[in-house]
Ligand code: GLN
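Residue numbers (this note's numbering): 6 to 283.
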């Protein structure tokens with residue numbers, strides 16, 4: 006038998022001794038998740054004995070977190086662009102830096118058709134559909150399981166988005182005004198050095214960008230002319246060291262106004278360009 010306060014302390018210490026980086030934040034979030042306590046309620050009831058079954062449930066989650074399962078998979082959600090998205094081990098957890106991609110695309114997506122390749126949880130295209138005013142929104146992924154998550158997110162947010170199971174453009178027809186993608190872009194050999202939360206639990210399909218990390222950019226760029234309307238835009242999220250490579254690839258493919266945008270930490274994060282036909 007223990008009080009809420011004691012339980013939280015035990016959990017915090019357990020996470021810390023297992024090398025979990027944000028042991029304090031994570032032990033707290035899981036506590037609110039299981040017991041539904043707010044900060045104020047915890048302050049008032051912290052010295053009371055907590056229900057045994059719930060305490061057991063909580064410590065089970067703490068054990069999983071100590072095994073480096075990401076917090077978001079345990080909570081089942083991640084916030085992105087102010088919206089809550091369901092996540093599980095079939096999808097990449099939406100990253101805050103990806104919000105930059107959405108913000109950039111929102112600036113010019115009014116009444117445009119938008120295609121999101123490697124949609125994963127659907128966080129990008131659903132945010133665009135909810136926060137913008139698109140003509141059409143389509144999300145594509147090769148993973149059936151990822152698309153099931155994306156479709157549940159679409160329903161929860163009542164977003165007008167079509168999801169299609171396809172290996173990039175394979176099953177697609179017609180052209181779009183804007184094509185965007187945050188594809189897998191980690192070099193295969195670098196996967197092993199990622200933090201355990203990522204390398205052991207996030208889907209490798211959503212991470213592995215091939216030997217040079219550029220596999221998906223190459224494939225997408227080689228088909229752009231077939232799927233992008235004249236005057237259309239392309240936006241990629243990239244790894245911090247891939248800006249110049251992806252920029253050159255877009256320029257070689259004949260796109261104009263190609264440039265790189267940095268994220269709020271000062272790293273190259275977005276590469277974009279425009280297809281102008283003379
Ligand atoms: N588009 C999704 C995201 O940005 C998934 C990306 C991926 O699986 N590489 O979160």
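Heads up, the beta-carbon is just placed ideally off N, CA and C, and yes, glycines get one too.
Proximity below 9 Å, CB of residue i to CB of residue j
{"i": "residue 122", "j": "residue 185", "result": "yes"}
{"i": "residue 114", "j": "residue 97", "result": "no"}
{"i": "residue 144", "j": "residue 174", "result": "no"}
{"i": "residue 137", "j": "residue 154", "result": "no"}
{"i": "residue 131", "j": "residue 88", "result": "yes"}
{"i": "residue 158", "j": "residue 207", "result": "no"}
{"i": "residue 224", "j": "residue 183", "result": "no"}
{"i": "residue 31", "j": "residue 70", "result": "yes"}
{"i": "residue 218", "j": "residue 257", "result": "no"}
Distance cut-off 8 Å: residue i Cβ against heavy atoms of the ligand GLN
{"i": "residue 187", "result": "yes"}
{"i": "residue 75", "result": "no"}
{"i": "residue 15", "result": "no"}
{"i": "residue 229", "result": "no"}
{"i": "residue 54", "result": "no"}
{"i": "residue 193", "result": "no"}
{"i": "residue 96", "result": "yes"}
{"i": "residue 99", "result": "yes"}
{"i": "residue 212", "result": "yes"}
{"i": "residue 82", "result": "no"}
{"i": "residue 125", "result": "yes"}
Counterpart residues of residue i in DSSP-defined beta bridges
{"i": "residue 144", "result": "121 and 168"}
{"i": "residue 186", "result": "122 and 241"}
{"i": "residue 279", "result": "238 and 261"}
{"i": "residue 267", "result": "273"}
{"i": "residue 90", "result": "83"}
{"i": "residue 191", "result": "213"}
{"i": "residue 34", "result": "In DSSP, residue 34 forms no bridge with anything."}
Residue burial classification, residue i (beta-carbon count within 10 angstroms, cutoff 16)
{"i": "residue 99", "result": "buried"}
{"i": "residue 163", "result": "exposed"}
CA nearest to the CA of residue i, picked from the options
{"i": "residue 180", "options": "138, 231, 149 and 40", "result": "231"}
{"i": "residue 246", "options": "281, 234, 206 and 195", "result": "195"}
{"i": "residue 234", "options": "32, 240 and 279", "result": "279"}
{"i": "residue 54", "options": "80, 258, 190 and 9", "result": "9"}
{"i": "residue 101", "options": "277, 282, 281 and 270", "result": "270"}
{"i": "residue 26", "options": "275, 251, 201 and 268", "result": "201"}
{"i": "residue 320", "options": "156, 93 and 36", "result": "Because the chain is modelled from 6 through 283, residue 320 falls outside the range shown and cannot be assessed."}
{"i": "residue 335", "options": "72, 109 and 94", "result": "Any answer about residue 335 is impossible in this case: the structure gives the chain only from 6 up to 283."}
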